[in-house]
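2 protein chains.
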Amino acid sequence: MANLKQLAQSLGLSITTVSRALDGYDDVSAATRKRVREAAEKVGYRPNASARRLRKQRAELVAVTLPSDPGHIGPPHFLDMLSSCAEHLASAGLNLVIAPVPRGESELDICRRFVDGQRVDAMLLVRTRRKDERVEFLQSRGIPFVTNGRTESLVPHPYIDGDGFAGFHAATVRFQVAGHRRIGHVAGPQEYYFAHVRRTGWKAAMDEAGLNADLCAEGAPTEQGGYLAALELLRQPSRPTALVCSTDEMAIGALRALREIDGGNAISIVGHDDLPTGAFTSPSLSTMRMTGENLGASFASLLLRAIAGEPAEELQELHAIEFIDRDSHRRPMKAA
Amino acid sequence: MANLKQLAQSLGLSITTVSRALDGYDDVSAATRKRVREAAEKVGYRPNASARRLRKQRAELVAVTLPSDPGHIGPPHFLDMLSSCAEHLASAGLNLVIAPVPRGESELDICRRFVDGQRVDAMLLVRTRRKDERVEFLQSRGIPFVTNGRTESLVPHPYIDGDGFAGFHAATVRFQVAGHRRIGHVAGPQEYYFAHVRRTGWKAAMDEAGLNADLCAEGAPTEQGGYLAALELLRQPSRPTALVCSTDEMAIGALRALREIDGGNAISIVGHDDLPTGAFTSPSLSTMRMTGENLGASFASLLLRAIAGEPAEELQELHAIEFIDRDSHRRPMKAA
DNA sequence: AGGATTTGCCAAAACGTTTTGGGAGTCAAG
DNA sequence: CTTGACTCCCAAAACGTTTTGGCAAATCCT
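Sequence order for the protein chains is A and B.
Going by the numbering used here, the residue at position 160 of the first sequence is 594; the numbering climbs one at a time, nothing skipped.
Going by the numbering used here, the residue at position 270 of the second sequence is 704; the numbering climbs one at a time, nothing skipped.
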């Protein structure tokens, strides 16, 4: 309730001195500083946020855009991640606002609103596209941002991403080593960077092994999308014996397709994301996930460093992918 | 980039007129209004948020506190709910900031920081306790808020809640009707309102049927908590034949306990929340959930109406509970 | 003692809006 | 011609901070 003016008046000091005392400047005597701080503590004074923001020309806010498409929010522990990110930002005086995209508006509109109204000091972007207009816009405005996922932008920007290429390459090679030759890929929408790079990893492994990389079907990054794409692959004349799926959600859909087609026992499958549900499917879903703990803290750190002006090249994290082996990736193979 | 002053200058008008033209006051001529609006559009002018907030004495922000305890975030589609809430708030010019509770600080500290710094116009509280200090604080400060879950506060406050009593009462009666007599309850921490009221519903149904309500074990609202509590009940001399669990997470833990004890086939079980994973457990988990669609929109609406000053009594929503029947609630009963 | 430096404080400006309280000019009625 | 009403615009104040630039008084040096 109290403001600086009242506090100053009650102490018989000027606004300036009280402000500087609270901020710990040393051009106010130790005695006064102590006196001011005690008084502030007693009345529970906290500076008015809007006033400080206006004066300091900083919004003390970071926005994260939440896509509202189906299959929208990728990672499983996304809210935990946001929460942790918000927590770390908070200790630097920044708050995290969530900015969902209303239907009829583009994510770009949202960015524009936040940036041009000077509502935020930085932005956090998730679910990047290969060619991402949000990235281009923010770069043109020179406002700091970090993405979850890379893009094909020519000018580098800060990001955190999993090494989808290596992960899907390795997963495919594992199947090859296990004797599979017809390995299919249930792909996500190729406009998304993550989906594209995962497909590329699968394809490279097939090419290197001299195998046919034509068993690939694309679908929405949802259970239903995975179901339909898997069905398409299973209807091929020479059916795949193993399926590498772009996401766990899609993999769960693929499991449903398998159940319908052949009881689901003959075809091996692997997903990506380590969705909690995967532990409960039957067969339980083998999967992969990005390594690294407390991603939220990493995002917060990158954001703060981006705001501080560190160059983008130093703010890029590419994390290795690790396997979570359960049952679905090693089904008994039918003789060829 | 542009501000009102520059815009006014370029138009040869005063700041006042430009401001009022943009706000649609009718004391500026239609012609000028049009001219101003077009110019504003062209340069992409957006009022500086901090300045407007300072002047209007409104933060244009709503905070939601995120508890970071284990078993923290209750509902399954919580992020979807927040996202939808944020979207609806946004169309009223409010943004939603997420306020996780750092370790070492209480949720009350967080509320205090946001309220006393005048950072928010309202707050959204989740996971209420029977006696909730956050509620008391916000009431004493007179700042609008809505809770997800009731409390035992003597002075009424806006909330949205499921009718846990009726739901758990009905679930228990269903078991009774199916012939069960030893119906246990896997309870969440009784300091939480939801956990308390659910237990009360179970107990009332047992009492009314003249059955012994002593098969009750309490645990953390997590998979592990449910596992331990169920184990405790299963070790009783007269073991329950059915289990009503406070949450799906706990129910899943209880399923694990059942599997360890007797293969999990003899005991019926029901949870609450409709966790997506429940569809994949074995047996698949029967559960309940609060009815009502687009809760996010409801929260947003209550928040806006609370800010507008509507009395708390008119801002309370108690939603019925509906059953989602899968397999776990009707296991073949052993003969008694 | 006289100048230079340091210490402790403060008045005023600035951040960019919105709102208050008019003030010219026009027009119609008396 | 005066009066009143109406239209369209504006100067200035206010919101509560932080920061700039400076001013007395006290302290230090020779």
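Beta carbons: idealized from backbone N, C-alpha and C, even for Gly.
Note that the coordinates shown come from a computational prediction; the quantities given were computed from them, not determined experimentally.
Just verifying my parser: in three-state terms, what is the DSSP assignment at residue i?
i      : result
A/T450 : helix
B/A651 : strand
A/S702 : strand
A/D708 : coil
B/L645 : coil
A/Y593 : strand
A/I577 : coil
B/G551 : coil
A/E744 : coil
B/F757 : strand
A/T499 : strand
A/H511 : coil
B/H789 : Only positions 435 to 770 of chain B appear in this structure, which leaves residue 789 of chain B out of reach.
A/M767 : coil
A/R487 : helix
A/T725 : coil
B/Q658 : helix
B/L516 : helix
A/Q750 : strand
A/A663 : helix
A/R537 : coil
B/Y459 : coil
Please classify residue i: is it buried, with 16 or more other beta-carbons within 10 angstroms of its beta-carbon, or exposed?
i      : result
A/A769 : Legend: pLDDT at A/A769 = 46, less than 50; position of this residue unreliable, value from coordinates given subsequently. Label assigned to A/A769: exposed.
A/T725 : exposed
A/E521 : buried
A/V452 : buried
A/G538 : exposed
B/D555 : buried
B/K637 : buried
A/P803 : As shown, chain A starts at 435 and ends at 770. That puts residue 803 of chain A outside it, with no answer to give.
B/E625 : exposed
A/S448 : exposed
B/E727 : exposed
A/T715 : buried
Could you pull out every residue in the same chain whose Cβ sits closer than 6 Å to the Cβ of residue i, ignoring the five residues on either side in sequence?
i      : result
A/S502 : P534, V535
A/L729 : M515
B/R560 : For the sequence presented, residue 560 of chain B should be read as Val rather than Arg. So the qualifying residues of the chain are N582.
B/D566 : T585
B/A436 : V477, Y479
A/H763 : S702, V704, S720
A/C519 : G730, F733, A734
B/R575 : V549
B/E751 : I594
A/F783 : A query on residue 783 of chain A cannot be resolved here, the shown segment of chain A reaching from 435 to 770 and no further.
Please go through the same chain and pick out, in chain order, the residues whose beta-carbon is closer than 7 Å to the beta-carbon of residue i, but skip the five residues on each side of it.
i      : result
A/G527 : E494
B/L542 : E567, R568, F571
Excluding the 5 residues flanking residue i on each side, which residues of the same chain have their C-beta closer than 8 Å to its C-beta?
i      : result
A/E570 : S587
B/D641 : A647
B/R723 : G596, H706, D707, D708, I755, E756, I758
A/R492 : D555
B/R760 : G712, A713, P717, S718, L719, S720, T721
Since residue i and residue j should fall inside the 8 Å C-beta cutoff, what is the C-beta to C-beta distance between them, to a whole number of angstroms?
i      : j      : result
A/R765 : A/A700 : 6 Å
B/L719 : B/D682 : 6 Å
A/G607 : A/A639 : Checking the sequence shown, residue 607 of chain A turns out to be Val, not Gly. That pair is a contact at about 5 Å.
A/S517 : B/I532 : 7 Å
A/P623 : A/P592 : About 24 Å; that fails the 8 Å criterion.
A/A473 : A/S444 : 7 Å
B/L530 : B/L523 : 6 Å
A/G660 : A/G687 : 3 Å
A/A691 : A/V580 : That pair is no contact at about 37 Å.
A/P590 : A/E744 : Not confirmed; about 12 Å, so no contact.
A/L500 : A/L737 : A/L500 to A/L737, Cβ: 16 Å. No contact.
Hey, is residue i close to the ligand PLP, as in C-beta under 7 Å from one of its heavy atoms?
i      : result
A/C679 : With respect to the ligand PLP, the structure offers nothing, as it holds no ligand at all.
Checklist entry - At a cut of 8 Å, does the region 578–589 of chain B reach the region 605–621 of chain B through at least three beta carbon pairs? => result no
Next on the checklist: So, does the region 531–551 of chain A touch the region 539–551 of chain B, judging by three or more C-beta pairs under 8 Å?
Outcome noted: Here the region 531–551 of chain A makes no contact with the region 539–551 of chain B; the two share fewer than three CB pairs at distances below 8 Å.
Checklist entry - Is there contact here, the region 752–763 of chain A with the region 596–605 of chain A, by at least three beta-carbon pairs under 8 Å? => result yes
Next on the checklist: Between the region 618–633 of chain A and the region 674–688 of chain A, can you find at least three pairs of beta-carbon atoms closer than 8 Å?
Outcome noted: yes
Checklist entry - Does the pairing of the region 444–462 of chain B with the region 458–470 of chain A give three or more beta-carbon distances under 8 Å? => result no
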